[in-house]
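Numbering (my numbering), first residue to last: 149 to 406. Yeah, the Cβ is synthetic: ideal placement off N, Cα and C, and Gly gets one too. What you are looking at is a predicted structure, and each value in this text was computed from that prediction instead of being measured. Input: a single structure, listed below in structure tokens.
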Amino acid sequence: MSTRSTSPRIHVQRKSKPESFPVTLEEIKSFLRIENNQDDKLISDLIFMATDYAEWHMEKSLVKQTWQVSYEDYVPRRIYLSYGPVSKIVLATAMISKGQEKRTLKYYFSDVGGYVEFFNYLNAIRVDVVYEAGYDNVPEQIKLGIMRHVSALYKNRESEVTIPYLRLRVVNYNNLHMLSNFATKARFSCDIYAHHIGSMFAIIRHINLILKSIEGLSNEAILESNCAMSQHDEILHSTINFDILIKGGDNEQITAKN
């Protein structure tokens with residue numbers, strides 16, 4: 149006799165990209181006392197990076213955007229929604245068995261608690277919740293923090309790029325093989341532990357930024373990636389593997405330092 153899993157498979161994705169940022173290019177240039185347009189592209193990229201980092205750090209949506217969270221296998225009656233403040237639920241649907249059409253769910257939404265609770269989920273094998281999140285007006289202290297972060301990144305743009313919360317390593321040298329005299333394909337792996345699903349997926353998104361910061365990687369470095377996630381005692385664990393292309397055939401350990 150088979151039993152239903154009590155460990156959900158969870159997927160969170162941003163359905164719409166923010167159309168604006170908490171701070172503008174003009175505000176940053178005024179803060180930095182820049183009067184020319186020479187570094188506008190660089191500063192805009194730094195605003196994006198600092199905003200993304202702030203959203204990861206606070207686990208919040210700073211500007212209006214749409215998210216979807218999906219639970220498979222085991223679906224709890226109450227689902228906490230990542231990257232609030234959540235303003236409204238757009239749609240909540242469930243699939244009872246494979247191949248069936250999705251059903252619209254009845255639910256209670258708590259904007260204070262940041263969760264949705266279902267009335268009729270009926271042993272669903274998958275539930276999808278689409279919701280809108282983000283501040284109507286971003287708090288001034290958050291805007292100031294982003295401006296100071298952009299300022300620090302801009303003033304230290306020639307120094308070594310560091311990411312403070314993740315370490316990558318080559319875990320299996322047997323997976324290294326030469327593609328040519330100037331390139332090596334390597335399997336990278338990292339384990340991530342988090343209490344909050346928002347933190348988990350924010351870190352996964354930032355892995356791409358980390359890889360791009362490592363000297364020697366080509367622009368199309370990531371050839372293949374996969375992610376497996378499990379949950380034990382309310383701790384989320386994810387193992388992520390990347391096949392990447394390294395220029396120069398260097399088999400030394402590559403690390404994004406703290």
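Close beta carbons around residue i, own chain, < 6 Å, minus the five adjacent residues each side
i: N367; result: Any reading at N367 needs caution, since the residue's pLDDT is 45, under 50, leaving its predicted position unreliable; the model's value is listed next. Counting only Cβ-Cβ distances below 6 Å, and skipping sequence neighbours, we find nothing.
i: A242; result: R251, L253, Y269, A272 and V275
Helix, strand or coil at residue i [DSSP, three-state]
i: V160; result: strand
i: V211; result: coil
i: E174; result: helix
i: F267; result: coil
i: K165; result: coil
i: E203; result: helix
i: R225; result: coil
i: R315; result: Bear in mind that a pLDDT of 37 at R315, under 50, signals an unreliable position, so the model cannot answer this.
i: I290; result: helix
i: R296; result: helix
i: Y283; result: coil
i: D188; result: helix
i: K236; result: strand
i: D193; result: helix
i: R272; result: Reading the sequence as shown, one finds Ala at residue 272 and not Arg. Three-state DSSP puts A272 in coil, outside helix and strand.
i: Y302; result: helix
Nearest candidate by alpha-carbon position, reference residue i, set the options
i: R225; options: Y219, F266, L180 and E203; result: F266
i: G262; options: Q213, I244, P233 and L292; result: P233
i: R162; options: S155, K291 and Y231; result: Y231
i: I244; options: Y222, K208, K212 and R305; result: Y222
i: S155; options: E220, K165, L210 and S209; result: E220
i: S209; options: V264, P287 and Y255; result: P287
Nonlocal neighbours in the same chain, by C-beta distance under 7 Å from residue i, ignoring five residues either side
i: I294; result: P170, V171, A198, T199 and A202
Straight-line Cα distance separating residue j from residue i
i: V298; j: H159; result: 30 Å
i: S483; j: E175; result: Residue 483 lies beyond the residue range present for the chain, which begins at 149 and ends at 406; the question has no answer from this structure.
i: L301; j: L180; result: 11 Å
i: L173; j: M206; result: 22 Å
i: I227; j: Q289; result: 30 Å
i: N285; j: S178; result: 21 Å
i: T214; j: L229; result: 12 Å
i: K212; j: L292; result: 19 Å
i: E183; j: F257; result: 47 Å
i: Q216; j: S164; result: 10 Å
i: R157; j: K303; result: 42 Å
i: W204; j: Y255; result: 28 Å
Segment contact, 8 Å Cβ cut-off, at least three pairs: the region 188-199 with the region 160-172: yes
Sufficient close CB pairs (3 or more, under 8 Å) joining the region 276-286 to the region 224-238: yes
Segment contact, 8 Å Cβ cut-off, at least three pairs: the region 180-193 with the region 245-261: no
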